[in-house]
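Trainee: Structure below; questions to follow.
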Amino acid sequence: MRMRLFTGVFATLTAATLMLSCVSQQAQAAKLPGPLVDPAWLKANLAGVTVVDVRSWPRGFTLSPEYQADKDGKKQLERPGGHIEGAKLLDYNLLRVDRNVQGKTIGKRVPEKAVFEKLMQDAGIPAGRPIVLTNPGDSFHEMDGAARVYWTLKYYGEDDVAILNGGNTAWLQAGYDVSTDAAKSGAGDWQATAERRELIAEVDDVEAAMKQGAALVDARSVEQYLGVSRKSSVQAAGHLKGARNFPIDVHTRSEGLAALFMTPDEYGDVFRKLEIDAGPGSIAYCNTGHLAAGAWFVLSEILGVKNARLYDGSMLEWTTLGRPVVGLAD
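First residue of the sequence shown? That's 31 in the working numbering, and the numbers climb one at a time after it.
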């Protein structure tokens with residue numbers, strides 16, 4: 031009798047302990063300060079977030095960073111490597127897929143809801159915890175890639191997400207350690223809870239925006255915008271009629287090797303110099319929706335432009351479907 035009583039009490043206490051542990055873990059979840067976090071904030075709140083390391087070259091997840099000594103013998107970062115301890119590895123190459131649009135196969139598109147959800151779960155990403163996205167962070171291209179994943183998460187209903195400004199490079203330059211351990215496997219339970227069509231522009235939306243005079247922001251290089259050159263997958267050189275160029279050189283600024291998104295005031299100055307009047311309903315595009323995601327992030331999340339959208343298909347889709355562009359001769 032006493033043994034049965036003891037066993038029952040022990041089981042009750044164990045269940046209560048597990049319940050309190052779960053509640054405690056939820057209570058420890060950090061509150062993100064905004065769409066961007068810096069290394070110091072992440073270091074202080076690492077236990078309360080899920081760090082997701084998104085990269086197109088997953089091998090770099092386990093490579094050591096490289097350093098060289100400057101003229102004073104001080105160690106300087108030469109190439110980022112490794113990952114923040116506990117980070118989940120997400121292969122960027124899997125996050126963009128072929129989709130059929132008006133009978134044409136268009137690559138680099140956002141995956142369907144169930145596909146994206148499974149990719150997140152396969153990476154071991156849990157539900158109910160803030161997500162901080164990172165990657166090598168040593169170029170505008172990397173930061174625009176982080177913005178692409180941020181946009182995709184937002185598109186599928188995730189609001190508790192931020193980007194580590196400057197990525198792993200900024201983390202290393204701040205003096206924090208990285209791990210070179212292999213990514214740990216384990217299923218996550220993150221779920222896509224919505225499909226926010228208001229964040230995406232399709233080809234018909236872009237045509238309507240052009241007629242209505244909404245701002246179109248071309249996030250490519252100046253030479254591609256002007257039509258001096260084009261990406262091989264894009265069928266015609268030039269830009270969409272009425273679009274203003276937000277060139278890659280000013281997507282981010284450099285701090286050491288790190289590429290950093292700038293402040294609202296700095297981007298406001300950049301946009302004024304470039305004569306970009308980015309009002310509500312602005313649409314960002316590029317060649318395939320990668321660079322445009324960085325422009326969308328600047329518009330929507332940093333400058334607070336209402337109803338900013340990403341043209342996911344961008345010039346790849348636009349020119350494949352035979353829509354007109356403005357080139358050097360126009």
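Idealized CB from N, CA, C, for every residue including glycine.
How is GLN242 classed by DSSP in three states: helix, strand or coil?
Mentor: In the sequence shown, residue 242 corresponds to position 212, counting from 1. If DSSP states are grouped into helix, strand and coil, GLN242 belongs with the helices.
Trainee: Since ALA213 is in the beta strand (DSSP E), which residue starts that stretch and which ends it?
Mentor: Numbered from its first residue, the sequence shown carries residue 213 at position 183. It is not in any beta strand (DSSP E) - ALA213 carries neither H nor E in the DSSP assignment.
Trainee: Nearest to PRO310 by CA position, among TRP220, PRO141, VAL247, PHE276, is which residue?
Mentor: The residue labelled residue 310 in the question sits at position 280 within the sequence shown. When TRP220, PRO141, VAL247, PHE276 are compared, the shortest CA-CA separation from PRO310 is found for VAL247.
Trainee: Taking the Cβ atom as the reference point for each residue, do VAL208 and GLY112 lie within a distance shorter than 8 angstroms?
Mentor: Residue 208 sits at position 178 when you count from the first residue of the sequence shown. Residue 112 sits at position 82 when you count from the first residue of the sequence shown. Between VAL208 and GLY112, the gap from beta carbon to beta carbon is short of 8 angstroms.
Trainee: Any heavy atom of the ligand SAH closer than 7 angstroms to the beta-carbon of TRP201?
Mentor: In the structure on display, the ligand SAH does not appear, and there are no ligands present to speak of.
Trainee: DSSP beta-bridge partners for LYS105?
Mentor: Numbered from 1 along the sequence shown, position 75 holds the residue referred to as residue 105. Per DSSP, ALA99.
Trainee: Would you mind stating whether VAL258 and LEU358 have Cβ atoms separated by less than 8 angstroms?
Mentor: Sequence index remark: in the sequence shown, residue 258 carries index 228 (1-based). Sequence index remark: in the sequence shown, residue 358 carries index 328 (1-based). One thing to note: VAL258 has its Cβ within 8 angstroms of the Cβ of LEU358.
Trainee: Hey, out of GLY272, GLU142, ALA224, whose CA is closest to ASP360's CA?
Mentor: Here residue 360 refers to the residue found at position 330 of the sequence shown. Comparing Cα positions, the closest option is GLY272.
Trainee: How many Å lie between LYS303 and GLU296 at the Cα?
Mentor: To locate residue 303, count along the sequence shown from 1; it is residue 273. To locate residue 296, count along the sequence shown from 1; it is residue 266. Their Cα atoms are separated by approximately 11 angstroms.
Trainee: Check for me: the beta strand (DSSP E) holding TYR315 runs from which residue to which?
Mentor: The residue given as residue 315 occupies position 285 in the sequence shown. Note, TYR315: beta strand (DSSP E), 313 to 315.
Trainee: Hey, HIS269 and VAL355 are a contact pair by Cβ (cut 8 angstroms); roughly how many whole angstroms apart?
Mentor: Position 239 of the sequence shown, counted from the start, is the residue given in the question as residue 269. Position 325 of the sequence shown, counted from the start, is the residue given in the question as residue 355. So it is a contact: roughly 6 angstroms between Cβ atoms.
Trainee: Start and end of the alpha helix (DSSP H) containing VAL145?
Mentor: Counted from its first residue, the sequence shown places residue 145 at position 115. From DSSP, the alpha helix (DSSP H) with VAL145 extends over 143 to 152.
Trainee: Find out if the Cβ-Cβ distance for the pair ASN198, PRO110 is shorter than 8 angstroms.
Mentor: Taking the first residue of the sequence shown as 1, we reach residue 198 at position 168. Taking the first residue of the sequence shown as 1, we reach residue 110 at position 80. For ASN198 and PRO110, yes; Cβs fall inside 8 angstroms.
Trainee: Would you check if the distance between the CB atom of PHE276 and the CB atom of ILE306 is smaller than 8 angstroms?
Mentor: The residue you call residue 276 lines up with position 246 of the sequence shown. The residue you call residue 306 lines up with position 276 of the sequence shown. Note that the C-beta distance between PHE276 and ILE306 is below 8 angstroms.
Trainee: Could you give the first and the last residue of the continuous alpha helix (DSSP H) run that contains VAL179?
Mentor: Sequence index remark: in the sequence shown, residue 179 carries index 149 (1-based). Per DSSP, VAL179 belongs to the alpha helix (DSSP H) from 170 to 185.
Trainee: Do VAL79 and VAL162 count as a contact pair if the criterion is CB distance below 8 angstroms?
Mentor: On the sequence shown, position 132 is the one that residue 162 refers to. On the sequence shown, position 49 is the one that residue 79 refers to. Yes. Within cutoff.
Trainee: How is the alpha helix (DSSP H) around LEU72 delimited, first residue to last?
Mentor: As a position in the sequence shown, residue 72 is number 42, starting the count at 1. Where LEU72 is concerned, the enclosing alpha helix (DSSP H) stretches over 69 to 75.
Trainee: Could you check how far apart the C-beta atoms of THR350 and ILE136 are, in whole angstroms? I think they sit under 8 angstroms.
Mentor: In the sequence shown, residue 350 corresponds to position 320, counting from 1. In the sequence shown, residue 136 corresponds to position 106, counting from 1. Right, the Cβ-Cβ distance comes to about 6 angstroms (below 8 angstroms), so this counts as a contact.
Trainee: Give me the Cα-Cα distance between GLY352 and ASP174, rounded to the nearest whole angstrom.
Mentor: In the sequence shown, counting from the first residue as 1, residue 352 sits at position 322. In the sequence shown, counting from the first residue as 1, residue 174 sits at position 144. When rounded, the distance between both Cα atoms is 27 angstroms.
Trainee: What span of residues does the beta strand (DSSP E) with ALA192 cover, start to end?
Mentor: Position 162 of the sequence shown, counted from the first residue, corresponds to residue 192. It spans 191 to 194 - the beta strand (DSSP E) in which ALA192 sits, taken as one unbroken run.
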